[in-house]
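Participant: Once you've had a glance at the structure underneath, I'll fire off some questions.
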Amino acid sequence: MNKTTLAEFLTHAELAEPALRGMITDIAQACKAIAVQVNKGSLLGTMGSLEAQNVQGETQKQLDVISNDLFLQMNQQGGHYAGMASEEMDEPYLIPERYRQHGRYLLLFDPLDGSSNVNLNLSVGTIFSILRCPHGISEPLVMDFLQPGSAQVCAGYALYGSSTMLVLTIGQGVHGFTLDQDSGDFVLTHATMQIAASSNEFAINMARQRWWDAPVQRYIADCQAGSEGPLGKDYNMRWVASMVAEVHRILIRGGVFMYPVDARTREAGGRLRLMYEANPMAWLVEQAGGLASDGQQRILDITPQGLHQRVAVYLGSREEIQRMATYFKA
Ligand code: FDP
């Protein structure tokens with residue numbers, strides 16, 4: 006089989022910004038390093054929780070912190086970034102000046118998404134988003150990061166599952182690479198991924214049903230009514246509790262993923278984070294032919310108000326997200 010490695014793919018891709026080659030290569034290396042930590046599982050004794058909580062008020066796992074440090078260290082050295090921000094850090098990370106001085110980009114990331122799964126040996130992942138640093142800024146502040154998702158120059162995730170995959174977009178479709186453990190190369194295995202326009206599979210945390218708003222209640226009730234209900238077809242349900250794994254499943258076989266704002270999360274604005282979870286996933290989904298909405302508008306059009314802002318997320322197969330929109334308008 007003629008294999009295209011990530012390095013070859015990047016050499017032949019028409020990159021609007023030449024720096025993307027180096028940035029994506031560094032991200033791939035960092036994801037490989039995190040994959041090693043995840044794969045060793047309990048052997049390293051790093052599966053437990055720490056005393057500390059992150060800025061989201063969530064208890065950090067040891068691997069959250071290890072993954073965060075690896076991602077910072079391995080991406081700052083390329084000299085591409087003026088600043089970085091992560092789920093695990095309250096404020097933007099100040100990159101040492103020797104690396105930051107010519108940096109023209111900003112990197113946002115969730116180093117270990119779905120980390121409640123990590124000690125269960127279930128899928129977790131890393132999500133990343135690259136933005137341009139505003140012109141003339143060498144020490145970016147929070148406001149410099151607050152750009153809409155439509156301004157991203159690269160977005161993607163690594164999935165640490167039964168195999169390790171890197172899935173990314175630079176605005177020319179979505180491409181998936183599988184890590185060959187023998188050669189250490191990411192190999193193009195999923196070129197131009199496309200989300201099926203229609204589907205009959207939904208992912209939502211049903212345990213929160215009693216707190217949902219009426220449109221979500223009605224939509225899920227209609228899905229559950231199946232072929233005897235108004236939608237006239239039977240639905241299947243999945244919930245991995247790891248957004249990377251849910252989005253990956255949707256890229257492969259269609260479906261929708263929902264994390265609504267509900268009575269319990271309304272004050273916080275929702276559960277998922279806009280800048281380093283919803284935005285990169287929304288761009289991937291749109292690039293694969295799907296849709297991503299917060300129930301009112303396209304996620305990529307939201308003007309961010311805060312680095313750790315939360316948002317409602319409905320994404321996946323085009324026809325199903327369009328159908329859902331009619332429930333919000335009713
Ligand atoms: P986690 O907190 O474990 O990192 O990012 C939030 C997230 O996981 C998503 O990956 C996942 O879809 C969701 O939370 C799981 O939420 P529930 O706890 O409601 O299942």
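If you're matching positions, the sequence shown starts at 6 in this note's numbering and goes up one per residue. Positions of the beta carbon are idealized from the N, C-alpha and C atoms, including for glycine. Since we're looking at a predicted model, the values are computed, not measured.
1) How big is the Cα-Cα spacing for Glu-13 and Phe-182?
2) Let me check you understand the geometry: is the CB of Arg-276 closer than 8 Å to at least one non-hydrogen atom of the ligand FDP?
3) Look up Ser-253 in the DSSP assignment and say whether it is helix, strand or coil.
4) Within a Cβ cutoff of 8 Å, which residues of the same chain sit near Phe-333, ignoring the five residues on either side of it in sequence?
5) Can you tell me the Cα-Cα spacing of Met-242 and Val-70, whole angstroms?
6) Note down the Cα distance separating Ala-317 from Asn-210, rounded to an integer number of angstroms.
7) Look at Ala-163 and Cys-36 and say whether their C-beta atoms are less than 9 Å apart.
8) Is the Cβ-Cβ distance between Met-329 and Glu-282 less than 9 Å?
9) Is it true that the region 123 to 137 meets the region 98 to 112, where meeting means three or more beta-carbon pairs spaced less than 8 Å apart?
10) Throw me the rounded Cβ distance for the Ile-200 and Gly-321 pair, which I believe falls under 8 Å.
11) Measuring CB to CB, does Gly-176 end up less than 9 Å from Ala-293?
12) Heavy atom of the ligand FDP less than 8 Å from the Cβ of Ser-247, yes or no?
13) To the nearest angstrom, report how far apart Ala-33 and Gly-88 are at their CA atoms.
14) Look up Ala-201 in the DSSP assignment and say whether it is helix, strand or coil.
15) Measure the Cβ-Cβ separation of Met-263 and Ala-208 and say whether it is below 9 Å.
16) Between Ala-202 and Glu-291, is the Cβ-Cβ spacing less than 9 Å?
17) Start and end of the alpha helix (DSSP H) containing Arg-109?
18) Look at Thr-10 and Val-192 and say whether their C-beta atoms are less than 9 Å apart.
19) Just to confirm before moving on: does the CB-CB distance between Ala-160 and Asn-284 stay below 9 Å?
20) Where are the alpha helix (DSSP H) runs, 4 residues long or more, that stay fully inside the region 129 to 170, in chain order?
21) Please find out if some non-hydrogen atom of the ligand FDP comes closer than 8 Å to the beta-carbon of Gly-53.
22) Using the DSSP secondary-structure output, state which residues sit across from Asn-241 in a beta bridge.
23) Compare the Cα-Cα distances from Pro-23 to each of Val-43, His-85, Ser-54, Ala-268 and report the closest residue.
24) Just the C-alpha distance for Asn-205 and Val-252, rounded to the nearest angstrom, thanks.
25) In whole angstroms, give me the CA-to-CA distance for Ala-212 and Ala-246.
26) Alpha carbons only, please: which of Thr-16, Ser-168, Ile-29, Ile-100 is nearest the one belonging to Asn-44?
Facilitator: By the coordinates alone:
1) The count along the sequence shown starts at 1 and reaches residue 13 at position 8. The count along the sequence shown starts at 1 and reaches residue 182 at position 177. In a straight line, the C-alpha of Glu-13 is about 12 Å away from that of Phe-182.
2) For the purposes of this step, residue 276 is identified with residue 271 of the sequence shown, where counting begins at 1. Within the cutoff, so yes.
3) Mapped onto the sequence shown, residue 253 falls at position 248. Position check: residue 253 holds His in this sequence, whereas Ser was assumed. In this structure, His-253 counts as helix in the three-state DSSP scheme.
4) Position 328 of the sequence shown, counting from 1, holds the residue named residue 333. The residues are Pro-220, Gly-300, Gln-301.
5) As a first step, residue 242 must be located in the sequence shown, where it is residue number 237. As a first step, residue 70 must be located in the sequence shown, where it is residue number 65. Going from the Cα of Met-242 to the Cα of Val-70 covers about 32 Å.
6) Along the sequence shown, read from residue 1 onward, the residue named residue 317 stands at position 312. Along the sequence shown, read from residue 1 onward, the residue named residue 210 stands at position 205. So the alpha carbons of these two residues sit roughly 13 Å apart.
7) Locating residue 163 in the sequence shown gives position 158, where the first residue counts as 1. Locating residue 36 in the sequence shown gives position 31, where the first residue counts as 1. In contact: Ala-163 and Cys-36 (Cβ atoms closer than 9 Å).
8) Stepping through the sequence shown from its first residue, residue 329 is reached at position 324. Stepping through the sequence shown from its first residue, residue 282 is reached at position 277. No, the Cβ-Cβ distance between Met-329 and Glu-282 is not below 9 Å.
9) yes
10) Residue numbering aside, residue 200 sits at position 195 when the sequence shown is read from its first letter. Residue numbering aside, residue 321 sits at position 316 when the sequence shown is read from its first letter. Yes, they are in contact, since the Cβ atoms of Ile-200 and Gly-321 sit about 7 Å apart, within 8 Å.
11) For the purposes of this step, residue 176 is identified with residue 171 of the sequence shown, where counting begins at 1. For the purposes of this step, residue 293 is identified with residue 288 of the sequence shown, where counting begins at 1. No, Cβ-Cβ distance for Gly-176 and Ala-293 is not below 9 Å.
12) The residue given as residue 247 occupies position 242 in the sequence shown. Answer for Ser-247: yes, Cβ within range of the ligand FDP.
13) Against the sequence shown, residue 33 aligns to sequence position 28. Against the sequence shown, residue 88 aligns to sequence position 83. Computed Cα separation, rounded: 19 Å.
14) As a working note, residue 201 is residue 196 in the sequence shown. It is coil, neither helix nor strand.
15) For the purposes of this step, residue 263 is taken as the residue at position 258 of the sequence shown. For the purposes of this step, residue 208 is taken as the residue at position 203 of the sequence shown. Against a cut-off of 9 Å, the Cβ pair of Ala-208 and Met-263 comes out as a contact.
16) Walking along the sequence shown from the start, residue 202 turns up at place 197. Walking along the sequence shown from the start, residue 291 turns up at place 286. Their beta carbons are not under 9 Å apart, which means Ala-202 does not touch Glu-291 by this criterion.
17) Numbered from 1 along the sequence shown, position 104 holds the residue referred to as residue 109. No alpha helix (DSSP H) contains Arg-109, which DSSP labels as neither H nor E.
18) Taking the first residue of the sequence shown as position 1, residue 10 is located at position 5. Taking the first residue of the sequence shown as position 1, residue 192 is located at position 187. Yes.
19) Stepping through the sequence shown from its first residue, residue 160 is reached at position 155. Stepping through the sequence shown from its first residue, residue 284 is reached at position 279. Contact flag set, yes.
20) 147 to 150
21) Indexing the sequence shown from 1 puts residue 53 at position 48. Answer for Gly-53: no, Cβ out of range of the ligand FDP.
22) In the sequence shown, the residue the question calls residue 241 occupies position 236. According to DSSP, Asn-241 bridges with Glu-206.
23) For this step, residue 23 is matched to residue 18 along the sequence shown. The candidate whose alpha carbon is nearest that of Pro-23 is His-85.
24) Locating residue 205 in the sequence shown gives position 200, counting from the first residue. Locating residue 252 in the sequence shown gives position 247, counting from the first residue. Computed Cα separation, rounded: 15 Å.
25) To locate residue 212, count along the sequence shown from 1; it is residue 207. To locate residue 246, count along the sequence shown from 1; it is residue 241. So the alpha carbons of these two residues sit roughly 12 Å apart.
26) As a first step, residue 44 is located in the sequence shown; it is residue number 39 there, counting from the start. Nearest C-alpha to Asn-44: Ser-168.
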